[in-house]
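Below is one structure, written out as structure tokens; the observations come after it.
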Amino acid sequence: MFQVRIHGRGGQGVVTAAEMLSIAAFREGKHAQAFPSFGSERTGAPVVAYCRIDEKEIRLREPVMQPDALIIQDPTLLHQVDVFAGLAPGGTILINTSRSFEQLGLKELIHRFRTCTVPASELALKHVGRPLPNAALLGGFCALSESISLDAVVAAIREKFSGRVAEGNAAAAAAAHQHVAKEIHAEAD
Amino acid sequence: MLKQIEGSRAVAEAVALCRPEVICAYPISPQTHIVEALGELVAAGDIGRCEFINVESEFAAMSVAIGASAAGARAYTATASQGLLFMAEALFNAAGLGLPIVMTVANRAIGAPINIWNDHTDSMSQRDCGWIQLFAETNQEALDLHIQAFRLAEELSLPVMVCMDGFILTHAYERVDMPSQAQVDAFLPKFEPRQVLDPAEPVSIGAMVGPEAFTEVRYLAHAKQMQALSLIPAWASEFHYAFGRAAGGLVRPYALEDAQTVIVALGSVLGTVKDAVDEMRANGEKIGVLGISCFRPWPFEAVAHALGGAKRVVVLEKSLAVGVGGIVSTNVRTTLAPRPVPVYDVIAGLGGRPITKASLQKVFADAVRDELNLTTFLDLDAALVERVLENERQVRRSGPLPENVLKERHAVPAR
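Going line by line, the protein sequences match chains A and B. The numbering of the first sequence is the working numbering, which starts it at 170 and goes up by one. The numbering of the second sequence is the working numbering, which starts it at 1006 and goes up by one.
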């Protein structure tokens, strides 16, 4: 079972991101379960959502406490919430920021985890017209974790949104995918 | 058709396939997405001849459903928590009048203190009001149970509550197999009411009944609910055959063959329980699970039969009868009364506290060694409780309990 935890703030589409990830996994023939950490929803408050992906039916209903991957939609959470809690050794971390892990003061994580950053809010602003980073982050996540394909994520985006919003988010996801793929490539070189 | 959708959406689409004629809607979390989706489906003209009525309260929702059902319409509504309590008087009326209304309860705690999260206190508080209560383990089962519920309600002329865990199921995206309209039409016949307000053949419904006949009317209410105990398994089998998957029934045994310890539970927590039990079985523990799909009427015989080989029973439940302990466990103890089997009661998941596999395995292991208290509160912070109680002993004006508990919970620990 592959478990993803998404951290963000109310209004950033955290729950929608987990839902789209589950739709993408479903489209690839997998079982997936997405759910929010339930609370009183307030714009700007820390929000967590989860997605489990497996080849067989998922029965477990507890929150994801030992994720294989983390998507952090808002880097200001790093100072507020223990976003890295329980992350499996060698797990994946994707952070929405134009800065690097070193610049964020997270240099020590680079060697323990598979890490990358992507300026998802800026890509969303460019392609969607609003700084909603969720779809772009999923595109970047495909490149980083290779657990899900960009095609499936784009299909999930088109299922959740329609018209110009869908196309903008799909373009933002593709751009983020390219960004992350390039970063990983540069690192490998 | 396989879909990856939210539980609330799945239920709304299933209800739509049941061709309801009146839907009464009043919003309350975590049920709101269901009636919102139904509102969209009605507005889009996807439910044929159906009236969607925005009412002013839950009491009105049930009252309008009563009127609609008495007039011969297939009526549906949904609620949760305080909303269910606000309906309480009308719930007894719907059952007492024998009106086949189907209602989703998206299970949620009851205040005070205010809590919007999941547990089973709401539907458990109405367990004796005469409604049939079915509990769903997954979103697939939730949608399947609604299709069965309309048929059951209309055959017996009794209302049915389909209980599904609020948030945990209603807000979860998972795979469901949505049946076709033809499949549902073949399983669920057209509503032929046993009683109807018809100007062409006038009758009155809701007579005053005095001491000379009230006992007989109540006896029949009981006898009719007990008829469900034979209809439910029969139709669950028919459903399995027609739709190709198991759903509903009275009880759901899992790994019971040689089980000496049996965990009894209701609703979505059964998934986590099964995962916990599988791992314990792999370590040689003879442990199994009994899911209760039908809580009212209480399936005495099915439970007694399923627990026949058990040396001990652990009832895991998301509700608390203050002053007693468990509610489901009381029913289990009554069922097993002739045999000296210990029935341990584990109260868990109150007000949305996560029920983790690790915590479950710990209490199950204690139970296997018969080292569990008769009533246990899963993951209770006993030290915190003791501090609050000590404060009460020391200070006359000790203040409001919930606030005191919060203060202790958020206190910065001494370093």
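For every residue, glycine included, the Cβ atom is placed at its ideal position computed from N, Cα and C.
Going residue by residue through the stretch 1104-1165 of chain B, where are the continuous alpha helix (DSSP H) segments of at least 4 residues, counting only ones entirely within it? 1126-1130, 1144-1161
When you compare each of A:258, A:252, A:337 to residue 176 of chain A by their alpha carbons, which one comes out closest? A:252
Going by CA-CA distance only, name the one from B:1284, B:1273, B:1153, B:1071 that's closest to residue 1296 of chain B. B:1273
Whole-angstrom distance between residue 1021 of chain B and residue 1079 of chain B, CA atom to CA atom: 11 angstroms
Express the C-alpha separation of residue 1039 of chain B and residue 1226 of chain B in angstroms, rounding to a whole number. 30 angstroms
Beta-carbon gap between residue 308 of chain A and residue 343 of chain A smaller than 8 angstroms: yes
Amino acids of chain B, ordered along the chain, whose beta-carbon sits closer than 7 angstroms to that of residue 195 of chain A: 1009, 1180
Under 7 angstroms by beta carbon: chain A residues contacting residue 1276 of chain B: 228, 229, 230
Terminal residues of the continuous beta strand (DSSP E) containing residue 177 of chain A? 171-178
For a cutoff of 8 angstroms on Cβ pairs, would you count residue 204 of chain A as touching chain B? yes
Residue span of the beta strand (DSSP E) that contains residue 265 of chain A, given as start and end: 261-265
Run down chain B in chain order and give the residues with a C-beta less than 8 angstroms from the C-beta of residue 201 of chain A. 1009, 1178, 1179, 1180
If the cut-off is 7 angstroms on Cβ atoms, which residues from the stretch 1337-1370 of chain B count as contacting chain A, listed in chain order? 1357, 1359, 1360, 1361, 1362
Any chain B beta carbon closer than 8 angstroms to residue 352 of chain A: no
Give the range of the alpha helix (DSSP H) segment to which residue 1046 of chain B is assigned. 1037-1048
Using a cut-off of 7 angstroms between C-beta atoms, extract the partners of residue 1280 of chain B located in chain A. 228, 229
Any beta carbon from chain B within less than 8 angstroms of residue 191 of chain A's own beta carbon? yes
Cβ-Cβ distance between residue 964 of chain B and residue 1014 of chain B below 8 angstroms: Residue 964 of chain B lies beyond the stretch modelled for chain B, which goes from 1006 to 1420, so this question has no answer here.
Residues of the stretch 1248-1277 of chain B whose Cβ lies closer than 7 angstroms to any Cβ of chain A, in chain order: 1273, 1274, 1276, 1277
Beta carbon of residue 1308 of chain B, beta carbon of residue 1148 of chain B: below 8 angstroms? no
CB contact below 8 angstroms: residue 188 of chain A versus chain B: yes
Does the beta carbon of residue 1037 of chain B sit closer than 8 angstroms to a beta carbon anywhere in chain D? The structure shown contains no chain D; the protein chains it does contain are A and B.
May I ask you to verify whether the stretch 1262-1269 of chain B touches the stretch 1155-1173 of chain B, counting CB pairs closer than 8 angstroms and requiring at least 3? no
Three-state secondary structure (DSSP) of residue 280 of chain A: coil
With a Cβ-Cβ cutoff of 8 angstroms, do residue 1086 of chain B and residue 1065 of chain B count as a contact? no
First and last residue of the beta strand (DSSP E) that includes residue 1299 of chain B? 1299-1301
When DSSP labels each residue in this structure, what does residue 1189 of chain B get in the three-state scheme? helix
Whose CA, out of A:194, A:241, A:233, lies closest to the CA of residue 206 of chain A? A:233
So the candidates are A:315, A:351, A:355, A:296; which of them puts its Cα closest to the Cα of residue 335 of chain A? A:296
At which residue ranges does the stretch 1316-1372 of chain B contain complete alpha helix (DSSP H) runs of 4 or more residues, listed in the order of the chain? 1333-1341
Do you know whose CA, among B:1325, B:1319, B:1316, B:1256, lies nearest residue 1305 of chain B's CA? B:1256
Report the residue from B:1211, B:1125, B:1196, B:1349 whose alpha carbon sits nearest the alpha carbon of residue 1379 of chain B. B:1349
Length-filtered (3 minimum) beta strand (DSSP E) runs lying within the stretch 1239-1302 of chain B: 1256-1259, 1266-1270, 1292-1297, 1299-1301
Does DSSP put residue 1010 of chain B in a helix, in a strand, or in coil? strand
Chain B within 8 angstroms of residue 301 of chain A, Cβ atoms only: no
Could you check whether residue 1363 of chain B and residue 202 of chain A sit closer than 8 angstroms to each other, using their CB atoms as the reference points? no
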